[in-house]
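Chemist:
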Amino acid sequence: MRLSRTARIALGGVTAAGLAVVYAPLLLVLLNSVNSDRSFGWPPSGLTTRWWRAALHSEGVRQALLTSVRAGLAATAIALVLGTMAAFAVHRHRFFGRRTVSFLLVLPIALPGIVSGIALNAAFRTVLDPLGVGFGLFTVVVGHATFCVVVVFNNVGARLRRLSPSMTEASADLGARPWQTFRYVTFPAVRSALFAGGLLAFALSFDEIVVTTFTAGPGTTTLPVWIYENLARPHQAPVVNVVAAVLVALSVLPVYVAQRLSSDPAGGRL
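Numbering follows UniProt numbering, with no gaps: position 148 of the sequence shown is 148.
Put into structure tokens, the structure is as follows:
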């Protein structure tokens, strides 16, 4: 379809405006991280790396970062195992209620975070409290895994739909056992989808704040929660901007890699 010059200009203007709405605030965060004015006056009165040094030496930031990494890695590991198994079950086998199972697996990511948080909080109090298990890193990991499973399930399922069953059938006809077929045929085909799903799952877990608020116990502070709690504190606000700027920079690479791998029709190579 060919567009007129006026239509192309209008479409370009709308696109540019949409991108500006999304990315201008992110650029402002990056600029405020080196703004010498503690109150973020505009235009900046000067540039400084003082806040970056303060963030580097902040014990609270380091502990919150470590907690977020631990929770993200654990939730991603659980999501990779459960999401992959569920994807193979739903897309490779026919059984009663298959569509219902698929719907229930995808539902958690569509629910409002506050609803999931309240439900998880009530479930943990009902089930774990009588067992003597309190709120902490474990409950945060379980809470994050509930929606991280979805992205792994969707990525692996999408790859399995593009993978012809004749490949595994040919492997079996040549005498390969089920484990050999998985190792040499199926796994190489879904490997990039697993990697992309794992990256997205970790990014979701690392960024989560609503579910974390309802499932974390005293002393379990992730980086997003630390940012939220310290944003209103005048002495911590510049450091918060530094942490946010680092998160913006670190988020670009995994999302870009996951997008490239997910869109690779050939399965990609790692």
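Every residue, glycine too, gets a C-beta built ideally from N, C-alpha and C.
Hey, out of S102, V29, G157 and I209, whose CA is closest to F187's CA?
Modeler: Residue 187 sits at position 187 when you count from the first residue of the sequence shown. Out of S102, V29, G157 and I209, G157 has the C-alpha closest to the C-alpha of F187.
Chemist: Take the Cβ of R99 as the centre, count every other Cβ of all protein chains shown within 10 Å, and call the residue buried at 16 or more, exposed below.
Modeler: Position 99 of the sequence shown, counting from 1, holds the residue named residue 99. It is exposed - the Cβ of R99 has fewer than 16 other Cβ atoms within 10 Å.
Chemist: For a quick check, are the C-beta atoms of V239 and W42 less than 8 Å apart?
Modeler: Along the sequence shown, one-based indexing puts residue 239 at 239. Along the sequence shown, one-based indexing puts residue 42 at 42. Cβ atoms of V239 and W42: not closer than 8 Å.
Chemist: Just verifying my parser: in three-state terms, what is the DSSP assignment at L104?
Modeler: For the purposes of this step, residue 104 is taken as the residue at position 104 of the sequence shown. Correct three-state label for L104: helix.
Chemist: From this set, L247, A201 and Q180, which residue's C-alpha is nearest I109's C-alpha?
Modeler: In the sequence shown, the residue the question calls residue 109 occupies position 109. The residue with the shortest Cα to Cα distance from I109 is A201.
Chemist: Going by DSSP, what residue range makes up the alpha helix (DSSP H) through P130?
Modeler: Translated into positions along the sequence shown, residue 130 becomes position 130. Where P130 is concerned, there is no enclosing alpha helix (DSSP H), given that its DSSP letter is neither H nor E.
Chemist: Cα separation between L30 and V242?
Modeler: Position 30 of the sequence shown, counted from the first residue, corresponds to residue 30. Position 242 of the sequence shown, counted from the first residue, corresponds to residue 242. Cα-Cα distance, rounded: 7 Å.
Chemist: Looking only at its own chain, which residues have a Cβ that is under 8 Å from the Cβ of A176, when we skip the five neighbours before and after it?
Modeler: On the sequence shown, position 176 is the one that residue 176 refers to. Cβ neighbours of A176 beyond the five flanking positions: Y184 and V185.
Chemist: Does the distance from the CB of T215 to the CB of V225 come in under 8 Å?
Modeler: In the sequence shown, counting from the first residue as 1, residue 215 sits at position 215. In the sequence shown, counting from the first residue as 1, residue 225 sits at position 225. No, they are not a contact pair.
Chemist: Quick test of the definition: if touching needs 3 or more C-beta pairs under 8 Å, does the stretch 146-156 touch the stretch 73-92?
Modeler: Yes, they touch.
Chemist: Roughly how many whole angstroms lie between the Cα atoms of G198 and R70?
Modeler: As a position in the sequence shown, residue 198 is number 198, starting the count at 1. As a position in the sequence shown, residue 70 is number 70, starting the count at 1. Computed Cα separation, rounded: 14 Å.
Chemist: I'd like the list of long-range same chain contacts for residue 296, defined as Cβ closer than 8 Å, with 5 residues on each side in sequence excluded.
Modeler: Given that the chain is displayed from residue 1 to residue 270, the structure contains no residue 296 and the question cannot be resolved.
Chemist: If we count the other Cβ atoms within 10 Å of its Cβ and call it buried at 16 or more, is L131 buried or exposed?
Modeler: Numbered from 1 along the sequence shown, position 131 holds the residue referred to as residue 131. Exposed is the call here.
Chemist: Measure the CB-CB distance between V141 and A74 and report whether it falls below 8 Å.
Modeler: Taking the first residue of the sequence shown as 1, we reach residue 141 at position 141. Taking the first residue of the sequence shown as 1, we reach residue 74 at position 74. Against a cut-off of 8 Å, the Cβ pair of A74 and V141 comes out as a contact.
Chemist: Would S205 and T67 qualify as a contact pair, given that the criterion is a beta-carbon distance under 8 Å?
Modeler: Working through the sequence shown from its first residue, we reach residue 205 at position 205. Working through the sequence shown from its first residue, we reach residue 67 at position 67. No, they are not a contact pair.
Chemist: When you compare the CB positions of L231 and V190, do they come within less than 8 Å of one another, or not?
Modeler: The residue labelled residue 231 in the question sits at position 231 within the sequence shown. The residue labelled residue 190 in the question sits at position 190 within the sequence shown. Taking 8 Å as the Cβ cut-off, L231 and V190 do not qualify as a contacting pair.
Chemist: When burial is assigned at 16 or more other CB atoms within 10 Å of the CB, is Q236 buried or exposed?
Modeler: For the purposes of this step, residue 236 is taken as residue 236 along the sequence shown, with counting starting at 1. Classification for Q236: buried.
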